[in-house]
Amino acid sequence: MLYKLLQFLMRQSLRIYYRDILVQGKDYIDKDKPLLIAATHPNSFLDAIILGAVIDRPLFFLARSDVFNRKWSDYILRKLNLIPIYRLQEGHNNLNKNDATFEACFEILERNGAVLIFAEGISLTDKKVRPPKKGLARIGFGTENRNDFKLNVEVLPVGINYEVADQLRNRILVQIAKPISLKEYQESFNKNANTAYVQLNEELYSKLKRSSIEVEDEEIFDFIAKRFHGIDYSFDKLKGISLKIQSLKEKDQLVYNDLKKHINKLISLEKSNQFDSNYIGRKKQTLLTILLLVPSMFGFILNAPPLFLANLISNKKVKLIEFYASVKVVLGCILWLIWASIIVFFIFPFSIINSFLYIISLLLLGEAYLFVNKQIKISFNQNRYKRFKQNDLYSSYSDSINKINTILNIG
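Last residue of the sequence shown: 411 (this note's numbering), numbering continuous.
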């Protein structure tokens with residue numbers, strides 16, 4: 001019950017903090033089989049929140065043990081399906097406690113449960129995939145071995161791809177690959193367990209890389225990716241562009257340098273003329289914006305205080321970029337719940353119906369504000385762009401766009 005409630009709240013929070021979360025490959029998620037979800041880890045504990053929100057079946061999460069160091073936090077986190085994993089940096093003497101963690105995972109999988117493990121073992125915001133650690137293989141094969149490989153445990157590779165990991169109000173692509181059956185490695189495991197670990201990790205690493213958008217020069221890729229909207233914004237499209245950019249860098253340095261030159265020119269011209277091309281191709285909905293203008297103002301007034309406070313605290317207290325988005329989203333959700341509860345307590349203390357209607361109104365008015373705010377940004381940037389088109393520099397800008405499209409074969 002607590003897990004379902006938290007899942008609902010996180011889904012609503014993610015709607016506020018992100019423009020869209022696109023999931024491809026959900027058909028690969030079998031709800032009746034034991035599942036080890038092996039995901040990339042670019043954005044701290046926000047990655048677990050996202051997968052918990054988009055995957056319908058209940059998940060159990062392995063989390064660093066230092067967050068369980070108080071009785072109350074240990075109790076709450078375990079109720080939320082979190083299981084402590086002990087790392088070397090938390091003390092060599094604690095590593096033997098992982099036996100209990102592995103045992104808990106064995107039992108979950110034996111009940112046809114699903115365990116989420118961040119296979120890389122580290123969280124970094126860059127667009128790269130690291131080789132998986134052996135922990136996932138040990139848990140998966142350990143479960144199958146003590147059940148004579150009759151459980152048919154599957155490893156589900158998942159790539160989590162953020163438009164910009166340390167920023168909010170952008171898009172996320174979750175790419176789920178075809179699962180790996182541990183049954184296929186039974187013969188190899190029976191001969192040599194370590195060999196099976198290596199073979200599984202090699203296949204998993206390959207699938208995680210195919211499910212992830214990897215780039216070295218992120219400024220170039222991010223600028224191009226933001227220009228896509230609607231059906232054009234897809235994993236396959238962006239993966240193809242990232243591979244093209246990497247191929248140019250490795251095989252044709254002159255063309256790659258030319259691409260960088262034109263993109264840097266566009267960035268400079270957009271900055272100096274104060275518009276963002278990300279908004280140019282979007283559809284304006286003027287009539288609906290006018291109708292929702294007043295409700296959106298109430299939506300801002302009623303919802304802004306807790307979100308403003310979450311933003312203030314995150315900016316002041318979070319020092320590591322990997323934790324910024326995670327802390328802001330979770331803190332915003334907690335403070336919003338406290339804010340809504342306080343208002344309900346003082347205004348509707350004895351009316352369940354009025355309290356419920358108020359909460360629904362908060363959410364709907366908040367949606368109205370997000371819509372109107374987006375439309376205002378679209379209108380502002382498109383007006384700036386129209387003015388820029390009268391500028392003598394526009395022909396140079398347009399020429400650079402055409403050359404970039406030609407180089408990357410974007411049509």
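Here a beta-carbon is modelled for each residue, glycine too, at the ideal position from N, C-alpha and C.
Nearest-angstrom beta carbon gap, ASN161 and SER123 [assumed within contact, 8 Å]: With a Cβ gap of about 14 Å, SER123 and ASN161 do not count as contacting.
How many whole angstroms separate the CB atoms of VAL129 and THR195, which I take to be in contact at a CB cut-off of 8 Å? No, VAL129 and THR195 are not in contact; Cβ-Cβ is about 23 Å, not under 8 Å.
Taking 8 Å as the limit between beta carbons, can you name the residues of its chain near ARG64, skipping five residues before and five after? PRO84, ILE85, ARG87 and GLU90
Using the Cβ count rule (16 or more neighbours within 10 Å means buried), how would you classify GLY159? By the neighbour-count criterion, in which 16 or more other beta carbons inside 10 Å mark a residue as buried, GLY159 falls on the buried side.
Length of the line joining the Cα atoms of ILE37 and ASP20: 22 Å
When the Cα atoms are used, what is the spatial distance from ILE342 to LYS183? 53 Å
Whole alpha helix (DSSP H) elements within the region 95-140, 4-residue minimum: Those alpha helix (DSSP H) runs which fall completely within the region 95-140 and span 4+ residues are 98-110.
Go through its chain and collect everything with a Cβ distance to GLU120's Cβ below 6 Å, but skip five positions before and after it. HIS41 and ARG130
Relative to the C-alpha of GLY332, which candidate in LEU168, VAL115, SER188 and LYS31 has its C-alpha closest? Answer by Cα proximity: LEU168.
Quick one: give me the first and last residue of the alpha helix (DSSP H) that GLN382 is part of. 352-388
ALA38 bridges to which residues according to DSSP? ILE117 and PRO157
PHE189 beta carbon less than 8 Å from that of ASN257: no
Alpha helix (DSSP H) segments (min. 4 residues) lying fully within the region 16-70: 46-54
Is the region 312-328 in contact with the region 43-54, if contact means three or more CB pairs nearer than 8 Å? Judged by Cβ distances under 8 Å, the region 312-328 makes contact with the region 43-54, as three or more pairs qualify.
State buried or exposed for GLU214, treating a residue as buried only when at least 16 other CB atoms are found within 10 Å of its CB. Around the beta carbon of GLU214, 16 or more other beta carbons lie within 10 angstroms, which makes this residue buried.
Span of the alpha helix (DSSP H), counted from its first residue to its last, around GLN199: 193-210
For ARG171, three-class secondary structure by DSSP: It is a strand residue.
What do you get for ASN315, buried or exposed, if any count of 16 or more other CB atoms within 10 angstroms of its CB means buried? exposed
If you drop the 5 nearest sequence neighbours on each side, which residues of the same chain put their C-beta closer than 6 Å to that of LEU59? GLY52, ALA114 and LEU116
Return yes when the Cβ of PHE308 is within less than 8 Å of the Cβ of LEU365, no when it is not. no
C-alpha gap between TYR28 and LEU312, whole angstroms: 40 Å
Are ILE108 and ILE263 closer than 8 Å when you measure CB to CB? no
What would DSSP say about PRO84, mapped onto helix, strand or coil? strand
Can you tell me whether SER181 is helix, strand or coil according to DSSP? Strand at SER181.
Which of helix, strand or coil does DSSP assign to TYR494? Residue numbering for the chain in the displayed model covers 1 to 411; residue 494 lies beyond these limits and cannot be assessed.
With distance defined between alpha-carbon atoms, name the residue in LEU302, GLN375, MET10 and ILE360 nearest to ARG282. GLN375
For ALA177, which residues from the same chain have a beta carbon less than 8 Å from its beta carbon, with the 5 sequence-adjacent residues on both sides left out? GLY25, TYR28, LEU156, PRO157, VAL158, GLY159, LYS207, LEU208, ARG210 and SER211
State the Cα-Cα distance for the pair ASP30 and LYS271, rounded to the nearest angstrom. For ASP30 and LYS271, the distance between alpha carbons rounds to 47 Å.
When DSSP labels each residue in this structure, what does ILE176 get in the three-state scheme? strand
What's the C-alpha gap between PHE102 and ALA225? Roughly 40 Å between the two C-alpha positions.
Sequence-distant residues of the same chain with beta carbon closer than 7 Å to VAL255, five excluded per side: LEU248 and ILE407
Below 7 Å CB to CB, which residues in the same chain sit around SER379 once its five sequence neighbours on both sides are set aside? For SER379, same chain residues with a beta-carbon under 7 Å away, outside a window of 5 residues either side, are LYS284 in chain order.
Under the three-state reduction of DSSP, which class applies to GLY281: helix, strand or coil? coil
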